[in-house]
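Numbered per UniProt numbering, the sequence shown spans residues 1 to 989.
Quick reminder that beta carbons are idealized off the backbone N, C-alpha and C, glycines included.
Remember, it's a predicted structure, so these values are computed and weren't measured experimentally.
Taking it in order: structure first as structure tokens, then the write-up.
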Amino acid sequence: MLLEEQRFLHEDLERLEQGISDRVAEDSRHIRDRLNRDHQIAGFLNRIQEQSKRLVDIYNDTEGLRTKEIQSISTGDPFDEFSKQMAEIKDFHKRYPNEPVENLERAYKRKAPGEGESATMEVDNMFTGEEAFGRFLDLTTIHEDYLNLQNIKRVSYLQYLTMFDNFGPPHMTLKRADKSTDAYFNYVGRLADYLESFMRRTRPLEDLDKLFTSVDQDFEKAWEENSVPGWGPDAQPVGPAAPKTEGTGEGVWCPDCEKEFKNDNVYKSHLSGKKHIKAAEARKAQRAANGTPNGETTNGHTNARGSTLQRLKERAIAEREYRVKRLASMMETVRTDTRVNVERKQGMTERERQLELDAMFAESAEAPNRNGDDESDSDGDEKIYNPLKLPLAWDGKPIPYWLYKLHGLGVEFPCEICGNFVYMGRRAFDKHFNEARHIYGLKCLGITNTTLFREITGIEDALKLWDKITRDKKKEKAGGENIVQMEDADGNVMPEKVYYDLQKQGGGLAASITYSPLIHAEAPPDSGDSNTPKIRLAEVHQHGRDAETKWVTKGTRVYDITDWIPGHPGGEVILRAVGGAIDQYWNIFSIHKKQEVYDILESYYIGDVDPQDLVDGQVPVDHVEDPFKNDPKRDEKLMVLTTRPCNAESPEEELGSWCTPNETFYVRNHMWVPEASVGNHKLVIELPDGEEKEYTLEDLKANFQEVKITATLQCSGNRRKHMTQEARSANGLQWGVGAISNAEWKGVRLRDLLADAGLNLNDLPEDAKHAQFIGAEAYGASIPIEKAVDKRGDVLLAYEMNGQPLPPDHGYPMRVLVPGTVAARSVKWVKRIVVSEEESTSQWQRRDYKCFGPNVGAPQAKWDEAPAIQEMPVQSAITSLRNISCHSATDRKLLQVYGLEEDSVAVEGYAWSGGGRKIVRVDISADDGKNWHQAELLLDESLGSKAWAWQRWRWLIPRWQAGRCFVVKAVDEANNVQPAEVGRRHMGT
């Protein structure tokens, strides 16, 4: 029978290969189906290995049975051997008449549900609901085991997902001696077993045994080399010195305190401290309990047996920690997805989570019937009677003919700009002008302003209109050059006609207007005097930043401003213009466009640009340096208020998320984005006594504890546009609700940096009252020193934002982050920090970002007496109003959460208060404040010592109850209430 078995094995291998091929060719869309397919393929591969091994044994014929059977068939009458084997088969079935016969043709074939395929798949019992068929980790029970460990720092589940594979400080607070307990040994073992089990369940087709073996081999090698982190040989120091084999390896390690010290003197002084003495005694007692009395090490000779047992136990624990680290690194994507899923669920109510779980199980239950459903659906589709080819409704059936005629869906509207795409019905045609297809077609034609091209569908018509618009703009610009410009006391520039119209109105803004003709009266033109020095542009270039004397050009005139640079209010930013033209810089900073400034500049006049270098009487454009040429490219979704410098709001749809994406985080720049890199950026800290210390970004990461906080940044002018609309005109950028964003920041504490630089935090000097920050682009601001050194103030030198390096627009490579305070104090691209007796002398600290009474205008404002804005008041805003339909399956789930069954309106927004004060209530009214309700505060996981992040909220109301005006106000934990009316303040802050 060996030949028959050989034939059977060959056929079985072919059937197995065909079964694998059929399953690989399947398009399994649901993760449940894919996992079930992979597990079936893994079972087939194991059977192939078993059958192949049996087949090889037959061919090797070690016992000679195959040769004997061939000889018995080939000699004598072959039917005698056939009859003999047939008799054996009949005798077997006679003795076992009920023995089932397996049909292997069908065993490996993919069965439809109606052919006897079990509705319950193999993977259904492998995963918990939290794991969602291998998409996420479920460490909830292991997290509870972690919290039950002694002397452990309590962390939330979300924080645990970030640090469960970190077994050393600062993440793990357990000391090495405390890890030798049975509870910790069992905890690490369960964690390693779970990760290994999860990989086996989610990766059935990978050779995981080989992978796990390589992990074990790597551990053995690291253990022999004593390079396993945190588990090196425990050597007791002799004298004041200590080994440098633990921690980062760069400082001095204290085995008793299990802490690394960067300075030898600090280490020596801590040896006499109470904390160290207590830790040393505890360690000595622990070692005595482990069989190493008198503090002898495991390398000593007093109790070799006890030390060996202790070392073996440490090895077992270290092996499990090492395995957890390696396995966690292999599942980084799943780990990240788990964090996102947990954050998402924490923002949901209990009812929403239950509905989602029910929907997932319902989807799983429907999965086995998908093929059958698809087939029945396709049969049903063929039976639908639709001779008029009417569009199908949401239920797959044709819409009524009267509705088809009512909306004119039979009328075709072609659009040449959209590639001759045909839109059915007027409604779809009108809607497509705002859709991406049409806008993209216009941009391909070089048309940027698409709002003026509604109803234009022909390419030729669009090009003609764009050409006309371009020509009109050029004419308007050329005519505007001859208009005399005027400037009021606040720096607002306007045409002469507008200036006189406002003056005639009297009071209000006109009262603060003063005459200051601009540009065309700013500087005397070239007199044409032959005795006036003529200077070539090449010579101007030679007097740049590195030259002894520094020249600039303004118009066609040349000035030597060497003596003026030390007194320039904007600091060294003026050095960007030396050796070239300052025209663009003056266009940016309108404060220069005043007669007294022109008079100062004229006092440094030395000559005119040589006519040989002029083009049409002007300095060539390529000679004027563009300070914004290196600005980064911004996301198109940002709502741009000004482009140079860039000031842009976050779009309203992004304000509904917990952390605002880096690309759409609001941008507030006072100047250009400076060029910077990690390699050449230095941070200097200057103390009141003049002592300075320099740091690089690598110094911060290597020598200081990293901290993560979630904090909201908001421009002081947020919602200034609403203030202008509801009260009186407020000067400054007219921000909507989007000059605010939230992010997770990573960096080091400023107080740690100041202490390292030599500032005594326990006894601050009398002249240490402010911490001044200076950016690379010359922007400056300051905060009180009490905020800078507060343990719970969380002031950071940040270098990461939402898990990524800071974007250029947000301070790369490092910035100051002052949570709970107006964003103007969180200086970007910080290069210098000065501890001083006075606040920053920057104009943005002394002459901006201040509040005055509602009756105070620009002429009456006493800037030197008003304090600079620091902490922000309580506030809230509506960011989303949307209709919720009871006919939509998705919307019905949300309605059920709030106990509603009818069409409703969902209102969402944010609330925030400065100083880390938590939002405790959000009141909302749908009838302009007549009746008030309380919105639901959504759950969010905030990092930091206080509530630095915004609070998201949501409220649903039946549509028939909603009035025409929604209003909202917030209350913080100090019972500060957002005012019901908008008051007017100068500068709109």
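- DSSP places G775 within a strand segment (E or B) once states are collapsed to three.
- In the three-state DSSP reduction, W863 falls in the coil class, being neither helix nor strand.
- Using a C-beta cut-off of 8 Å, the segment 737-751 makes no contact with the segment 889-905, since fewer than three inter-stretch Cβ pairs fall below that distance.
- Just measuring C-alpha positions, the residue of F133, Y184, L161, E706 sitting nearest I152 is Y184.
- With contacts defined as CB atoms closer than 7 Å, V968 and I878 qualify as a contacting pair.
- One Cα belongs to I399, the other to L388, and the distance between them is close to 11 Å.
- Only buried fits H143, as 16 or more other CB atoms lie within 10 angstroms of its CB.
- Between the segment 840-848 and the segment 796-806 there are fewer than three inter-stretch CB-CB distances shorter than 8 Å, so the stretches are not counted as touching.
- In this structure A906 touches R954 by the C-beta definition: roughly 7 Å separates them, less than 8 Å.
- For A889 and P808, the gap between their C-alpha atoms comes out near 43 Å.
- Under DSSP, R815 takes part in a beta bridge, and its partners are A798.
- Collapsing the DSSP output to three states places V977 in a strand.
- Beta-bridge partners assigned by DSSP to L390: none are found.
- Judged by pairs of C-beta atoms under 8 Å, the segment 820-837 touches the segment 910-922, as three or more such pairs exist.
- Taking a contact to require three or more Cβ pairs closer than 8 Å, the segment 180-194 and the segment 25-33 do not qualify as touching.
- Residue environment analysis places F133 among the buried positions, since at least 16 neighbouring C-beta atoms fall within 10 angstroms of its C-beta.
- For I709, the enclosing beta strand (DSSP E) has its first and last residue at 706-714.
- F852 sits in coil when the DSSP states are folded into three classes, being neither helix nor strand.
- Around the Cβ of I384, a 10 Å sphere holds fewer than 16 other Cβ atoms; the residue is exposed.
- With fewer than 16 other Cβ atoms from the protein chains shown falling within 10 Å of its own Cβ, A974 counts as exposed.
- The count of Cβ pairs closer than 8 Å, one atom from the segment 762-780 and one from the segment 830-840, reaches three, so the stretches are in contact.
- Under DSSP, R832 shares a beta bridge with V684, I774.
- Around the beta carbon of I785, a 10 Å sphere encloses 16 or more other beta carbons of the protein chains shown; the residue is thus reported as buried.
- D77 carries a coil assignment under DSSP once its states are collapsed to helix, strand and coil.
- A straight line joining the alpha-carbon of Q978 with that of H541 spans about 56 Å.
- Take the alpha-carbon of M330 and the one of F136: they are about 14 Å apart.
- With contacts defined as CB atoms closer than 7 Å, L2 and E63 fail to qualify as a contacting pair.
- Shown here for R190: same chain residues with a beta carbon closer than 8 Å to its own, the five before and five after excluded, namely I142, D145 in chain order.
- At the C-beta level, L733 and G347 stay beyond 7 Å of one another.
- Where S782 is concerned, the enclosing beta strand (DSSP E) starts and stops at 780-784.
- Around the beta carbon of R37, 16 or more other beta carbons lie within 10 angstroms, which makes this residue buried.
- Y605 is bridged by DSSP to Y559.
- One thing to note: V678 has its Cβ no nearer than 7 Å to the Cβ of D631.
- S880: member of the beta strand (DSSP E) spanning 875-884, first to last residue.
- C444 sits in a helix when the DSSP states are folded into three classes.
- The DSSP-derived three-state label of T553 is strand.
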